[in-house]
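Comments concern the structure below.
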Amino acid sequence: MGALIKYKLHKSLLLISSCKLIITLVLLLVVMSCEKQLSYQLQNEKPQVVMYAFPMPDSTLKIHASLSANILSTDNSEVLPDMNYSIKIDDKLVASGNYPEGEDWVNIPISPISTNNKIELTYNLVDGGVVKGTTIAPEAINIESIDTVSTFYINQEGIEEKMLRCIIELNDPIIIKNYYQIRVDYKATSTSTPELNEFETISYIKEDKVFLIREDETALINNIDYEGTFSDYLFNGQTYKVKLLVPFEYLTDDSGTLNQELHIHLYNLSPEYYKFIRTKIEEEFYRDYPVFEPINLFSNVDNGIGVIAGLAVDTTIIVLP
134 MGALIKYKLH
144 KSLLLISSCK
154 LIITLVLLLV
164 VMSCEKQLSY
174 QLQNEKPQVV
184 MYAFPMPDST
194 LKIHASLSAN
204 ILSTDNSEVL
214 PDMNYSIKID
224 DKLVASGNYP
234 EGEDWVNIPI
244 SPISTNNKIE
254 LTYNLVDGGV
264 VKGTTIAPEA
274 INIESIDTVS
284 TFYINQEGIE
294 EKMLRCIIEL
304 NDPIIIKNYY
314 QIRVDYKATS
324 TSTPELNEFE
334 TISYIKEDKV
344 FLIREDETAL
354 INNIDYEGTF
364 SDYLFNGQTY
374 KVKLLVPFEY
384 LTDDSGTLNQ
394 ELHIHLYNLS
404 PEYYKFIRTK
414 IEEEFYRDYP
424 VFEPINLFSN
434 VDNGIGVIAG
444 LAVDTTIIVL
454 P
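The sequence shown runs 134 to 454 under my numbering.
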């Protein structure tokens with residue numbers, strides 16, 4: 134669990150007592166600081182317009198609009214009344230309308246998005262305010278090849294587990310910095326109820342070092358799961374093979390037969406999407422550690438909070454014998 138603070142023990146009872154006193158004073162200062170910060174938030178924090186927007190592969194823009202809840206409210210968000218939206222691609226208006234009041238998410242049909250298209254979303258508020266966000270659509274990076282091999286892995290309990298190692302090869306463009314995410318879905322089969330067969334996402338073992346590199350991020354604890362996101366920091370402009378482990382429990386049916394279909398998705402994320410998802414994961418993780426400073430969620434929305442971000446995906450299907 135993260136970094137540990139090591140105290141050197143001394144035999145002197147006086148020094149031990151002094152240390153206890155210092156620790157007590159530090160904890161008291163932390164509590165007082167928290168009380169002051171909470172008091173400040175109660176008096177000064179105002180609700181803000183929340184904008185989320187993600188271009189989807191089916192040529193729709195998935196958008197969300199709400200008002201962040203007052204800190205004294207028991208709701209996560211509040212309805213944003215009488216709001217109009219407009220969507221532009223490369224400065225050309227492609228969609229507009231009234232946001233359905235009370236809806237969490239709305240899928241807006243738009244023209245197919247190509248690499249480097251600029252996507253701009255604007256919310257026009259009833260009081261005359263304008264909230265705006267933009268992003269650039271990234272290029273889909275192809276999966277060049279996938280190799281698989283059976284292996285064994287010692288888990289944290291010291292138990293040996295059988296795994297399928299997947300080696301995913303990609304060719305990273307050298308022109309720009311790229312940000313990726315790998316998702317692996319499996320077909321959950323059931324011999325007793327085949328009508329319930331559907332694809333589910335695998336929580337795989339991220340054994341490759343690309344999943345561990347954080348560059349200049351501020352996370353202090355090492356065991357945060359960033360949900361398969363990584364950058365090309367270690368292999369910019371090169372061909373690279375990403376290694377991950379899939380537990381065999383996902384690969385067998387009810388009878389124990391190895392007969393499984395895997396869908397491996399390689400997402401190329403816009404910088405905004407990458408920063409947003411990682412700060413969101415960190416914020417949720419550190420929420421359980423009140424001694425740390427709060428993590429600020431990334432936002433690229435003007436006059437509001439949230440993110441508008443793009444992604445592109447390449448998918449390869451492998452069928453295990």
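C-beta: ideal position from N, C-alpha, C; glycine also. Quick caveat: nothing in here was measured; it's all calculated off a predicted structure.
- Going by DSSP, T362 is part of the beta strand (DSSP E) stretching over 362-364.
- A direct Cα-Cα distance of roughly 26 Å separates V343 from D421.
- Here L444 is buried: its Cβ has 16 or more other Cβ atoms, across all protein chains shown, within 10 Å.
- The three-state reading of DSSP puts K342 in helix, counting H, G and I together.
- Taking a 10 Å sphere around the C-beta of S432, we find 16 or more other C-beta atoms and assign the residue as buried.
- Under a 10 Å Cβ-count criterion, D358 is classified as exposed, with fewer than 16 other Cβ atoms of the shown protein chains found around its own Cβ.
- Per DSSP, the continuous beta strand (DSSP E) segment holding K374 begins and ends at 372-380.
- Listed in chain order, the non-local C-beta contacts of I338 below 6 Å within the same chain comprise L378, local neighbours out to five positions each way being set aside.
- Relative to V375, the option among T284, Y383, L402, T362 whose CA is nearest is T362.
- E405 sits buried, since 16 or more C-beta atoms from the chains shown fall within 10 Å of its C-beta.
- For N249 and A273, the gap between their C-alpha atoms comes out near 11 Å.
- Here I410 carries a helix assignment [DSSP, helix/strand/coil].
- Counting along the chain, L430 sits inside no beta strand (DSSP E), nor does DSSP assign it H or E at all.
- Residues of the same chain with a CB within less than 8 Å of the CB of P190, apart from the 5 flanking positions on each side, are V446 in chain order.
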